[in-house]
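Numbering (this note's numbering), first residue to last: 1387 to 1520.
Each residue gets a CB set at the ideal place from its N, CA and C atoms; glycine is no exception.
Only a predicted model underlies this, so the values are computations on that prediction, with no experimental measurement involved.
The structure appears below as structure tokens.
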Amino acid sequence: METILKEGYSIESKSNILQVEAFVPFTEEVTEKYIDDMYRACEEFSGQPWGLLISFYGNSVFTPDVEESLIKVNKYRVEQGLIASATVLINSSTADIQQLQLRRIYQACGITFYVFSDIENAKSWLENYLKQKK
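This is how it looks when you write it as structure tokens:
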């Protein structure tokens, strides 16, 4: 898959991991574009087990509407084979709020997840988790 690079985020598939980097807060407009891109990106896995590595840069607190939209897209991800998510919060002064929101989103979808402060540890955890589930 080619890297999807939009204003504010990128999506790239590497083996059985979908890597996302979000550089701007998820406004309703950004979220709408992101969800459209995410639907296409998830199809690549054809229902095989895969993991999500998503990095949020800066402060990104979701509105209730955005949070609801993210729950819907995560339910779709699960239907497409998502089994775990490693989330990285980088340079955020709202990390506590972000973690609470992400917990609600992932728990509503039954996704195993952990939140990290650096990408390497997140990637390592996700790779090991996916190996154990094979």
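For the pair K1419 and I1476, the Cα-to-Cα distance works out to about 22 Å. By the 16-neighbour rule on beta-carbons within 10 angstroms, S1441 is buried.
Shown here, S1399 sits in a strand according to DSSP, grouped into three states. In this chain, the alpha helix (DSSP H) harbouring V1459 covers P1450 to E1465. In the structure shown, E1513 falls within a helical segment according to DSSP collapsed to helix, strand and coil. Comparing alpha carbon positions, the residue from D1482, V1447 and Q1466 closest to C1495 is Q1466.
The three-state reading of DSSP puts Q1434 in coil, since its state is none of H, G, I, E or B. Boundaries of the beta strand (DSSP E) harbouring V1501: T1498 to F1502, taken from the DSSP string.
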